[in-house]
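Asker: My structure is below; once you've seen it, I'll send some questions.
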Amino acid sequence: MSDMTYTSEMTAPTRVSPEARRGGLKAAERRFGLLLLVPALAAFGIVVLFPFLEALGLSFYAYTIEMSEPEWNGIDNFVEVLTDGAVISSFFTTMIFVGLATFFSILLGLGWALILNHPFPGRTVLRGLSLMPWVMPAIVAAFIWGWIFNSRYGLINALGMELGLLEHPLAYLSTPAGAMAAVVIAKVWLSVPLFMAFFIAGLQSMDREQMEAARVDGAGNWQILTHHVLPHLKPVIMVTVVLGMVGNLQHFDTIWALTGGGPVRATTVLSIEVYRRAFEQWDIGMAATVGVVWVATILPPAYFYLRELMKGTE
Amino acid sequence: MMLDLTSTKAKIGFGATALVIGFFLFFPVYWLLISAFKTNEELYRIIPTVYPHTWSLEHFRYALSEGGLLLQLGNTLFVSLGSAVINCTMAVYAGYSFAKYRYFGRRPIMLFMLSAQMFPFGLLLITIYPMFTTWGLLDTRGGLMLSYIVFALPVATYMLYSYFSQVPNELIEAARADGASDLRIFHTIVLPISVAPIVTVFLYSFMWSWNDLLYSLTLIVSEDKRTVGPGILLTYLNDSHSDWGGAMAASILASVPVILAFMGLQRFFIEGVTAGAVK
Chain A
19 MSDMTYTSEM TAPTRVSPEA RRGGLKAAER RFGLLLLVPA LAAFGIVVLF PFLEALGLSF
79 YAYTIEMSEP EWNGIDNFVE VLTDGAVISS FFTTMIFVGL ATFFSILLGL GWALILNHPF
139 PGRTVLRGLS LMPWVMPAIV AAFIWGWIFN SRYGLINALG MELGLLEHPL AYLSTPAGAM
199 AAVVIAKVWL SVPLFMAFFI AGLQSMDREQ MEAARVDGAG NWQILTHHVL PHLKPVIMVT
259 VVLGMVGNLQ HFDTIWALTG GGPVRATTVL SIEVYRRAFE QWDIGMAATV GVVWVATILP
319 PAYFYLRELM KGTE
Chain B
82 MMLDLTSTKA KIGFGATALV IGFFLFFPVY WLLISAFKTN EELYRIIPTV YPHTWSLEHF
142 RYALSEGGLL LQLGNTLFVS LGSAVINCTM AVYAGYSFAK YRYFGRRPIM LFMLSAQMFP
202 FGLLLITIYP MFTTWGLLDT RGGLMLSYIV FALPVATYML YSYFSQVPNE LIEAARADGA
262 SDLRIFHTIV LPISVAPIVT VFLYSFMWSW NDLLYSLTLI VSEDKRTVGP GILLTYLNDS
322 HSDWGGAMAA SILASVPVIL AFMGLQRFFI EGVTAGAVK
């Protein structure tokens, strides 16, 4: 059984039997079904729903470390957030990070999938090894790239100097553009493997005969790629774009470990902004408000993703 | 064959792309490995050596004896296993419930649970923190375990839902006709044939917990309960000093368990994780 038939079976459950059996469904059975759900729902309520609703509520309160009780603040927090240059700049920093990281992860993931889709000796092993960055802790990725970008002993500096491009080592992580490049590269490195896996799964369901026919008609590699492969992969690309955006909008770990949001605020994305406000300045009210704005940025891609996911269910 | 590599131009294009992406993916891993084995004297050079001229275990020795890494690895293992067990158990029942039972509100509940991975984890943390303080769960490994439900439960449930949907209803009906209870059917008939997806989900949860930084950094305060992510961050790269050799050695030791766990089950794993998104 190829990987693809397995995945497609998994997403398209058999439709016949539940219908057939619906008539005989007893109330007791239904109760039992709901009962199975109770632990998960309870846990979910405790660590997701309740915290979320409470944070939503707090976004309308002033609540800092000096205050013993939250104080109703109406929409003042939101007004402040929308007029505060810091939050606006975090918003744009987030967009730049998400845009670049998503784009390059997909580009390289797709390229690597096309290469690993071509048969050659050692391909299976290489596929397995390719997943390594994704499996590793994000902190490890931050360390590796922090070391490669190191201001004194980093590899990038050494290469630049060997090639005569640099006279002195540069402190990349201390410049806004360098720091952004480093966090994007580290995140892309972490994400490429997963996207590669998605694309490989997608490529396996390509219609080979159709491609052979196109070949016979004289289509070159480029035509095959643009006329057959990419259109076929379109749904997978859509899903990876959305998943990538959601993941990158959420991302905190490598950025925090690599730059801490700096230099100054150059890599302060919304996740870092919220964390700093909540756990460094202990301004819970404003942190919640910025967090709600952050949710608003995640909602559109999340909506598309969930819609895709629910399509396969009955 | 999708790509035709008979022409030289195609061969060069393919080879060059493979080389560039392969280098990007694998060279950092190589650099991590060899940096960990270099002596400090060799490590801190403006023009580095391409491989260690003297192989040294000093960084590993330091990490294991002085750095508190063993304790942190132990904490992480405990928390990750615990959260994987919790997640897996809940996902198994919830996934089965979604797949095989029909009741009012099933789809909305499912959608709602799936949407959990979309909530920003950092935002939830703002209120989980005071909540855990009130409940005495702050700075406990049990609390951290509980908080990790956020990460993996939605996807875990979906993966198992997809799998259980494939289990033929005839199998369940036949057992029902024999008078077995639903719970018994699930435990004695369905679970034994579902080992592979359950292990996948277990590993998926385990990985999320093992690799986390944000929650462990915030919800654990004491040194002796610290897990490996914040542990190595605070030990090796803090404001006062940075020990890159130690950081590399600790990174390797922190990665080995997840890589091992992943290797054996790679195939199932990829199928499980991409299921639902790839049609």
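From first to last, the protein sequence lines stand for chains A and B.
Positions in the first sequence are counted from 1; adding 18 to them yields this note's numbering.
Positions in the second sequence are counted from 1; adding 81 to them yields this note's numbering.
Note that the Cβ used here is the ideal one computed from N, Cα and C, for glycine as well.
No experiment lies behind these values; they were computed from the predicted model shown.
At least one CB of chain A closer than 8 Å to the CB of threonine 238/B: is that the case?
Answerer: So yes, threonine 238/B belongs to the interface.
Asker: For glycine 41/A, name the three-state secondary structure that DSSP assigns.
Answerer: The predicted model places glycine 41/A with a pLDDT of 47, which falls under 50 and marks its position as unreliable, so this point remains unresolved.
Asker: When you compare the CB of methionine 179/A with every CB in chain B, is at least one pair closer than 8 Å?
Answerer: By this cut-off, methionine 179/A is an interface position.
Asker: Cβ of tryptophan 291/B within 8 Å of Cβ of serine 161/B?
Answerer: Result yes, Cβ atoms of tryptophan 291/B and serine 161/B sit closer than 8 Å.
Asker: How would you call valine 264/A, buried or exposed, if buried means at least 16 neighbouring beta carbons within 10 angstroms?
Answerer: Label assigned to valine 264/A: buried.
Asker: Specify, as a first and last residue, the run of the alpha helix (DSSP H) that serine 228/B falls within.
Answerer: 222-228 is the extent of the alpha helix (DSSP H) around serine 228/B.
Asker: Contact criterion: CB-CB distance below 8 Å. Does tryptophan 300/A meet it with respect to chain B?
Answerer: Not an interface residue.
Asker: Using a Cβ-Cβ cut-off of less than 7 Å, give me the residues of the region 285-316 of chain A that come near chain B, in sequence order.
Answerer: Of all residues in the region 285-316 of chain A, Ser289, Val292, Tyr293, Ala296, Phe297, Ile302, Ala305, Ala306, Gly309, Trp312, Val313 and Ile316 have a Cβ within less than 7 Å of some Cβ in chain B.
Asker: Is alanine 255/B buried or exposed, if buried means 16 or more other CB atoms sit within 10 Å of its CB?
Answerer: Burial call: exposed.
Asker: How should phenylalanine 213/B be labelled, buried or exposed, when 16 other C-beta atoms within 10 angstroms of its C-beta is the threshold for buried?
Answerer: Per the 10 Å Cβ criterion, buried.
Asker: When you compare the CB positions of alanine 180/B and phenylalanine 283/B, do they come within less than 8 Å of one another, or not?
Answerer: No.
Asker: Would you call the region 140-154 of chain A and the region 225-237 of chain A in contact, with 3 or more CB pairs under 8 Å?
Answerer: The region 140-154 of chain A, when compared against the region 225-237 of chain A, does not touch it at the 8 Å Cβ threshold.
Asker: Less than 6 Å between C-beta atoms, sequence neighbours within five positions excluded: which residues of the same chain meet that for phenylalanine 270/A?
Answerer: Ser289, listed in sequence order.
Asker: May I ask which residues mark the beginning and end of the alpha helix (DSSP H) holding arginine 145/A?
Answerer: Where arginine 145/A is concerned, the enclosing alpha helix (DSSP H) stretches over 141-148.
Asker: Please report how far the alpha carbon of isoleucine 93/A lies from the alpha carbon of phenylalanine 78/A, in whole angstroms.
Answerer: Isoleucine 93/A and phenylalanine 78/A: Cα-Cα distance of roughly 6 Å.
Asker: Which of the residues in the region 123-152 of chain B, read from start to end, lie with their CB under 8 Å from any CB of chain A?
Answerer: So the close ones are Leu124, Tyr125, Arg126, Ile127, Ile128 and Pro129.
Asker: Consult DSSP for serine 289/A and reduce its assignment to one of helix, strand or coil.
Answerer: Helix, per DSSP.
Asker: Secondary structure at glutamate 230/A, three-state DSSP: helix, strand or coil?
Answerer: Helix at glutamate 230/A.
Asker: According to a CB-to-CB cut-off of less than 7 Å, which residues of the region 279-290 of chain B neighbour chain A?
Answerer: Flagged, chain order: Met288.
Asker: Our contact map puts methionine 226/B next to isoleucine 279/B with C-beta atoms below 8 Å; I'd like the distance itself, whole angstroms only.
Answerer: 19 Å between Cβ atoms; not a contact.
Asker: Starting from tyrosine 171/A, find everything on chain B with Cβ-Cβ shorter than 8 Å and list it in chain order.
Answerer: Leu124, Tyr125, Arg126, Ile127, Pro129 and Trp325, listed in chain order.
Asker: Step through the CB atoms of chain A and report whether any lies within less than 8 Å of the CB of proline 201/B.
Answerer: Proline 201/B counts as touching chain A.
Asker: Name, in chain order, the residues that DSSP records as bridge partners for tryptophan 89/A.
Answerer: Rather than tryptophan, the amino acid found at residue 89/A in this sequence is glutamate. Paired residues: Ala80/A.
Asker: What are the start and end residues of the alpha helix (DSSP H) that includes lysine 92/B?
Answerer: Segment 89-118, the alpha helix (DSSP H) holding lysine 92/B.
Asker: Residues of the region 290-307 of chain B in Cβ contact with chain A at a cutoff of 7 Å, in chain order, please.
Answerer: Those would be Trp291, Asn292, Leu294, Leu295 and Thr299, in chain order.
Asker: Could you please give me the residues that DSSP links to serine 323/B through a beta bridge?
Answerer: Note: serine 323/B sits in a beta bridge opposite Leu318/B.
Asker: When burial is assigned at 16 or more other CB atoms within 10 Å of the CB, is glycine 236/A buried or exposed?
Answerer: Exposed is the call here.
Asker: Count the other CB atoms, across all protein chains shown, that sit within 10 Å of the CB of threonine 89/B; report buried if there are 16 or more and exposed otherwise.
Answerer: So threonine 89/B counts as exposed.
Asker: For a contact defined as C-beta to C-beta under 9 Å, what are the partners of histidine 245/A on chain B?
Answerer: Ordered by position in chain B, no residue passes the 9 Å Cβ test against histidine 245/A, which lies about 12 Å from the chain.
Asker: So, is the C-beta of glycine 310/B closer than 8 Å to a C-beta in chain A?
Answerer: Yes, its Cβ sits closer than 8 Å to a Cβ of chain A.
Asker: Rounded to whole angstroms, what's the CA-CA distance from glutamate 89/A to proline 273/B? Just pull it up for me.
Answerer: Rounded to the nearest angstrom, the two C-alpha atoms are 54 Å apart.
Asker: If you draw a straight line from the alpha carbon of phenylalanine 364/B to that of leucine 208/A, how long is it in whole angstroms?
Answerer: The structure shown does not extend to residue 364/B, since chain B spans only 82 to 360, so no value can be given for it.
Asker: Could you spell out where the alpha helix (DSSP H) holding methionine 179/A opens and where it closes?
Answerer: Unbroken alpha helix (DSSP H) run through methionine 179/A: 173-180.
Asker: Would you mind stating whether leucine 128/A and proline 211/A have Cβ atoms separated by less than 8 Å?
Answerer: Contact: no.
Asker: Which value, in whole angstroms, describes the spacing of the CA atoms of threonine 87/B and isoleucine 102/B?
Answerer: Distance between the alpha carbons of threonine 87/B and isoleucine 102/B is about 22 Å.
Asker: Using a C-beta to C-beta distance shorter than 7 Å, which residues of chain A count as neighbours of tyrosine 111/B?
Answerer: Going along chain A, no residue has its Cβ under 7 Å from tyrosine 111/B, so there is no contact; the nearest lies around 10 Å.
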